[in-house]
Every structure is written in structure tokens, then in C-alpha cells.
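Numbering (this note's numbering), first residue to last: 95 to 650.
Next up, the structure:
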């Protein structure tokens, strides 16, 4: 009697689709991967439709709503933003040959932002935040969930976490860090898709994406290599010989391009001043010492995580387990490797570890994986007890809201006012007046100066690797903040001021004045017996000396 074959279980179909390898019954020799079985229509949870599009459009718009758009477009740039913004006002030929830690692709996008608002560049930062939310939805939605509603639920959880995590809400300054997070998540999305695609050319798309995003985000290189390692590990576990070869060849070619870019653009433009600035964020000592330092730093980020560090770690670990169960083992391998890679780079003094800004891409990628873990855990509970699952979802959402609620619509940017000082000097300056600009104010003053053009020069004495000045302006641009440097600059400015003739004034523009520099200025004024008057401009007052008299104190 002939017995009908038993229908393949859902697990068997999934195994054939995501680990498409067969073993010969006689000799167990490896063969080429089989074509994936086509599951029933009702199980195609990965198919995108108009409803998903509507969700991501709404999420994109909502991201702008939770950020303080008005304040972002009106508050002046502070030092770290100003030296990025000033490059949008210089010729492109100056930018490409300049030592700068801002990726050239990001600067190119800044130059393309339309409009005339002086702070419009922050819109690009928020656009990348919104794009990251969309990618978070796409990443979680594209995993192998049992049904579309569950896939959409996971995507919504990931999108909301990416949108409302405190470190995301507070990242609205004019820096490339949201672009870093966007590019990192884009690589993860492409890698997860490649893992599900048996086509021979699929892996090359990952290499292409990794190379294309490199000029926009230097940190994407850190993400690309662990992702290739994850794909290799996944292929080895599946014993997919052809995919192993594809991953190795593509990773080698991509690695050569990345290494060449880093050698020509990144390493060549990194100076000792910048490395010294990050000294406190490198890792030191033995492996145990480094792990202890890393844990302390992660614990100190509690406010920006919106939860204690150990809870963050627990959800990330659950997320890694979920990725394995949901058909994305390559990402489950890649994320821990990314943490290890960045820790190693910090130990070699090549990249800061767990700084809130420079590690934004690492933390956001981990947040999205943790969100997948939360959604997966809730769905496991749902299969057992629906009421308990709903209660757990509400409880997790409430606890998460406690962490992010204070930071909604909050501008986390230092208020510095080189803009007001530049406007005052421009409106009141006479032809023979002299201007002295401190090192912290040069970038902002140059960017906000309403007349003339800006010139830049390479300068390794600053962490930025360059300095900016306004052409044709009778101004002295300071370098340094020490007592000797402040005293020397003030003395030279006084000589120039008195040589300018009767009626001339000396405007002293100072921004981003730290405590030691403030004391240096106080000592310099006392040593040279000068007493400037103060022009109050809300914050960072402008100092003015003059008009000068013929019998001045040029000898000081």
C-alpha cells in the first residue's frame, strides 16, 4: 500500500527558503543551493503594500513633529556646528582639499539645501533622522514574521523606538551623526535582504551600497565589514558554498575600496590635536579594564538611552536571538562584531568609544535590534496569553515613555551667539575700526558675516584641521586660548587699533569661551590696563574699546 507523503511543515518550508542547501542521501556531499520554495500567499508577510507605505510616510512626517523645528531654524549655530556651516560658504575646491572630520558627501548635501535661512542646514539633520525611522520600520518589517499584521507591529515598534529614543530626539544639531545612523541602518537593511535573496549578484549590491554611502558617512566602513562577516558566518552555517565564495570576493573588493578611501581621505586628514581631544574616550589597559570602562560609559548614558544600561543590553540580546529565529542570522552575528570592532579601534586610539555623538550610529543600530527583540518577545507571549501580551505591550510603552517624554520638542544645542556679534559689528563698524576674533568665535563670526567672502587655510593647531577668515576685513584672527596666546593677540590688536588713527574702535569678538580662556582674558586686560565696555547681546557679550585717541597706549 502506497502512503501519501506527509505535507511539509511551516518550519520545513522556512528552512528550505532561508537555508537552501540539500544533502545527498547516499554520500552527504555538498551541492549547489536549491531554489527556495514558494510559500503560500497567506504566508508572504514580507510583501510590501500601500498600507506599509502609508505607515512610513506618517512616521517620516511625525519625526519632524517631535523635534523643535522653529527653534532649530532660529537659534544660532554654536562652535561645533559653525565650523561645518562655514564650509558651505567657501568654494567647493577648498572643501575637497581641506582637512576636516565632516564627510565631503554630507557637506555636498548641505550646500544643496534650498532656502535662505541661516540655520536651514539643520533640516538635513532632521531629514536623516526621519529617514532612519523609515529604515527602522523597513528592517523590522522585512524579517520573517508569521503574518503581515505581526510584521507591521514589529515595524511600528522599531520605527517608534528609533523616533523617540532620547538620544535620537536630542540629535538635532548640524553634524553628520544622524547621517551616520541612517547609512548604518541602510547597510543592515540591504544585508538582511541579501541574506534572503539566493541570486548570485545580490551580495554585490551590498558592496555597492557600502561604497556609495562612504563619502556621506565615514563610520559606515565600521558597519560594512562586520556585516560581510555576518553574511559569511550565515553562509558557513548553512553550508552554502557558492554564497561563501560570493561573500568573500565581494568583501575583499569592498574592503580594498574602503581601505583606499580611508588612507587617502580620513587618515591623511586626522591630526594629533583631534586624537588628543578624544583621549578620554579611548579604551586603556587589559581586556577586563576595557570592559569595565565600556560598561561605565554605557551606564552614564542612561538618560540618553531612556532606560538603565542593563535593560538596554537585555533587549539587544533578545533582539539578537530574535534575528536568528526570524531568518536574519547575519545581522545577529554582525551587531556583536560591530561592538567588538569599535572597542578594538578605541583600544588602538583610532576611534572614540561610546561617546554620545560619535557612537550614535552604533547605539541607534542597537536600539533598532532591541526594538525587534521587544516586538518578538511580546508576540511570543501573545501566542500563550493575549491579555497578558497586551498588558506587557502597554507596560513597556509606558516605561519607555518615561524616558523619552521630557525630551520631545527639545533643542539640545548650546546657545552661543556669534551671529549677534557679527551683526552688531557689521552694522556699527567704521572703515578704520579693528576687529579681534578669538579662536572659538572665528567660524561662527565668518559664517554670519553679511559682507564679503570667506577664505580657509589648513591649520593642524585645531582639531578641525583648518581655520576660516573673512576676506578683506581689518581683523585679527586668534589661534589658541592660553594666557600667552591671549595676551599676545590682545597686545597686537591694541597696536593695530592705535595705528588706525583717532576715532577708531577695537571690537573684541569672543565665542565659546571656556573657563581657562575667560581667566586668560581677565589677566590680559589687567596686564595691559585696558577696560573695554560691554555690549550685551543676550549671551556672549561683545567688548568694545575706543574711540582711540592720538595719545594711546600703543606701547602696551
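Heads up, the beta-carbon is just placed ideally off N, CA and C, and yes, glycines get one too.
query                                                                                                             : result
Contact under 7 Å by Cβ, residue 208 with residue 503                                                             : no
C-alpha distance - residue 219 paired with residue 456, whole-angstrom precision                                  : 17 Å
In chain order, each alpha helix (DSSP H) run of at least 4 residues that lies wholly inside the region 582-640   : 609-622
Three-state secondary structure assigned by DSSP to residue 175                                                   : helix
Backbone CA spacing between residue 628 and residue 609 [nearest angstrom]                                        : 19 Å
Option in 250, 385 and 488 with minimal Cα separation from residue 149                                            : 250
Length-filtered (4 minimum) alpha helix (DSSP H) runs lying within the region 462-512                             : 480-498
Three-way DSSP call (helix, strand, coil) for residue 528 in this model                                           : strand
N-terminal and C-terminal residue of the beta strand (DSSP E) that residue 158 is part of                         : Looking at the DSSP string, residue 158 is not in any beta strand (DSSP E); the run it does join, the alpha helix (DSSP H), is 144-159.
Under 7 Å between C-beta atoms of residue 562 and residue 531                                                     : no
Residue 561, enclosing alpha helix (DSSP H) - first and last residue                                              : Taken as a continuous stretch (DSSP letters only), residue 561 belongs to no alpha helix (DSSP H), being part of the beta strand (DSSP E) at 560-564.
Distance, residue 308 Cα to residue 352 Cα                                                                        : 8 Å
Residue 346, buried or exposed, once every other Cβ within 10 Å from all chains shown has been counted against 16 : exposed
DSSP three-state assignment for residue 552, whether helix, strand or coil                                        : strand
Bridge partner(s) assigned by DSSP for residue 570                                                                : 530
Alpha-carbon to alpha-carbon, residue 270 and residue 638                                                         : 36 Å
6 Å CB neighbourhood of residue 674 in its chain, flanking five on each side removed                              : Any question about residue 674 goes unanswered here, given that the chain covers just 95 to 650.
Closest residue to residue 232 among 616, 141 and 343 (Cα-Cα distance)                                            : 141
Assigned secondary structure, residue 325 (DSSP; H/G/I helix, E/B strand, else coil)                              : helix
Closest by C-alpha distance to residue 451, when choosing among 323, 399 and 332                                  : 399
Reduced DSSP category for residue 262 - H, G, I as helix; E, B as strand; rest coil                               : helix
Uninterrupted alpha helix (DSSP H) stretches inside the region 210-290 (no shorter than 4 residues)               : 216-235, 242-258, 260-263 and 271-290
Cβ-Cβ separation, residue 588 to residue 624 (assumed contact under 8 Å), whole Å                                 : 7 Å
Per-residue DSSP class, three states only, for residue 168                                                        : helix
Residue 208 - DSSP class collapsed to helix/strand/coil                                                           : coil
Pair within 7 Å by beta-carbon distance, residue 633 and residue 511                                              : yes
Contact between the region 333-340 and the region 459-472 (3+ Cβ pairs under 8 Å)                                 : no
Nearest-angstrom Cα separation, counted from residue 438 out to residue 578                                       : 39 Å
8 Å contact criterion, which residue 596 and residue 626 should meet: CB distance rounded                         : Rounded, the Cβ-Cβ distance is 18 Å, inconsistent with contact.
Exposure of residue 606, with buried meaning 16 or more beta-carbon neighbours within 10 Å                        : buried
Exposure label - residue 180; buried when at least 16 CB within 10 Å                                              : buried
Through-space distance from residue 235 to residue 242, alpha-carbon basis                                        : 8 Å
Closest by C-alpha distance to residue 196, when choosing among 592, 206, 183 and 174                             : 174
Environment of residue 260 [buried if 16+ CB atoms lie within 10 Å]                                               : buried
Rounded Cβ spacing between residue 323 and residue 427 (contact assumed at less than 8 Å)                         : 7 Å
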